[in-house]
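Just so you know, we're using the numbering used here here: the sequence shown kicks off at 1380 and counts up by one. The structure appears below as structure tokens.
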Amino acid sequence: MTCIRAVPRHRRLVVGSRKFKVFQYNKPFMHEFSDDAPIVCARLSIPRLEVYVAGERSIKVWDARTGKPVRVMKNVLDSDITYMELDNHHRKMVIGSHTGEVKVFDLMSGINTLVLDQHDP
1380 MTCIRAVPRH RRLVVGSRKF KVFQYNKPFM HEFSDDAPIV CARLSIPRLE
1430 VYVAGERSIK VWDARTGKPV RVMKNVLDSD ITYMELDNHH RKMVIGSHTG
1480 EVKVFDLMSG INTLVLDQHD P
């Protein structure tokens, strides 16, 4: 999967990879796992078979096999997330904001393991 886009008005999910697919859904989104705000970034972990979606101040984790939600990491930063990246082994996630806040989370537990100091301008 290289891109994904929800079209709520028409209840469709558009997914691009080697093929272009459009999925129709009938049920409304589960409020605790969906956002009105745009998705900032998403990452796929093939070793873990999970999709991580960042929006506002939360990370939503989805099972890539079933498409079902796994967990939500709420309010991970003090301001909105602007960047998210997985380490080479897909064990840790680095999250940053436009204010210079950077945190590292363990993917197994969802616990914040490191807070990096901000740089002064």
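Where a beta carbon is used, it is the ideal one built from N, C-alpha and C, also for glycine.
Through-space distance from K1447 to I1383, alpha-carbon basis
16 Å
C-alpha distance - T1478 paired with V1401, whole-angstrom precision
36 Å
Which one or two residues does DSSP pair with R1450 in a beta bridge?
V1440
Per DSSP, the bridge partner or partners of D1485
K1471
Go ahead and label F1484 buried or exposed: buried means 16 or more other beta carbons lie within 10 angstroms of its beta carbon, across all protein chains shown.
buried
How far does the beta strand (DSSP E) with V1494 in it extend, from its first residue to its last?
1491-1495
I'd like to know whether the C-beta atoms of D1482 and L1456 end up nearer to each other than 8 Å.
Rather than Asp, the amino acid found at residue 1482 in this sequence is Lys. Yes.
Excluding sequence positions up to five away, which residues of its chain have a Cβ less than 8 Å from the Cβ of A1417?
At residue 1417 the sequence reads Pro, which differs from the Ala that was named. Counting only Cβ-Cβ distances below 8 Å, and skipping sequence neighbours, we find G1434.
Close Cβ partners of T1491 (< 6 Å) along its chain, the five nearest in sequence each way excluded:
Note on residue identity: the sequence assigns Asn, not Thr, to residue 1491. Around N1491: K1482, F1484.
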